[in-house]
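Undergrad: Residue numbers (the numbering used here): 3 to 92. Here a beta-carbon is modelled for each residue, glycine too, at the ideal position from N, C-alpha and C. Note that the structure is predicted; figures quoted are calculated from it, not measured.
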Amino acid sequence: MATDRSQRLEAQQLLSDIHLSWGIENRLHWVRDVTFQEDFPPRRGGNAPVNWSILHNFFITIARKLCFRTIPQAQRALSNQLHKVFSFFV
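1. Once DSSP output is grouped into helix, strand and coil, what is the label at Gln83?
2. Does the CB of Val36 have a neighbour CB from chain D at under 8 Å?
3. Count the other CB atoms, across all protein chains shown, that sit within 10 Å of the CB of Ala13; report buried if there are 16 or more and exposed otherwise.
4. When the Cβ atoms of the region 65-75 are set against those of the region 39-54, are three or more pairs found closer than 8 Å?
5. What are the boundary residues of the alpha helix (DSSP H) that Thr63 is part of?
6. Could you work out which residue in Ser81, Ile20, Val33 and Ile64 is closest to Phe91 when comparing CA atoms only?
7. Sorted by chain position, which residues of the same chain lie with C-beta nearer than 8 Å to Ile62's C-beta, five sequence neighbours on each side aside?
8. Taking the straight line between their C-alpha atoms, what separation do you get for Arg78 and Leu84?
9. Suppose the cutoff is 8 Å on Cβ atoms and the five residues either side in sequence are ignored; what does the same chain contact list for Ser81 look like?
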């Protein structure tokens with residue numbers, strides 16, 4: 003019986019870990035994949051993919067700090083208003 007209980011607790015912990023992992027996947031990676039199409043980047047060499055990823059993460063952070071409901075909404079609102087983006091630093 004102790005083994006059954008132990009296995010049940012391990013299974014529950016595994017399920018909890020999987021849910022946590024999917025939360026991270028949905029909150030960050032899904033946004034990057036869908037909104038910024040990082041799964042299908044233009045063919046560039048060198049450090050370009052990493053640099054774009056850094057910029058995308060930076061933009062996602064700013065959009066969330068400025069309380070936009072969605073990242074595309076933030077893109078539309080901030081695309082011609084760089085002063086709002088730079089106000090984030092002040």
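TA: A quick look at the data gives this:
1. Here residue 83 refers to the residue found at position 81 when the sequence shown is read from its first residue. Coil at Gln83, not helix or strand.
2. Among the protein chains of the structure shown there is no chain D, as only one such chain exists.
3. Position 11 of the sequence shown holds residue 13. Exposed, since its Cβ has fewer than 16 Cβ neighbours within 10 Å.
4. no
5. Working through the sequence shown from its first residue, we reach residue 63 at position 61. Taken as a continuous stretch (DSSP letters only), the alpha helix (DSSP H) holding Thr63 covers Ala50 to Lys67.
6. Start at 1 with the first residue of the sequence shown, and residue 91 comes out as number 89. With distances taken between Cα atoms, Phe91 lies closest to Ile64.
7. Residue numbering aside, residue 62 sits at position 60 when the sequence shown is read from its first letter. Only Leu30, Val33, Arg34 and Ile73 meet the Cβ criterion.
8. In the sequence shown, counting from the first residue as 1, residue 78 sits at position 76. In the sequence shown, counting from the first residue as 1, residue 84 sits at position 82. If I take the Cα positions, the gap works out to 12 Å.
9. The sequence position of residue 81 within the sequence shown is 79, counting from 1. Correct list: empty, nothing qualifies.
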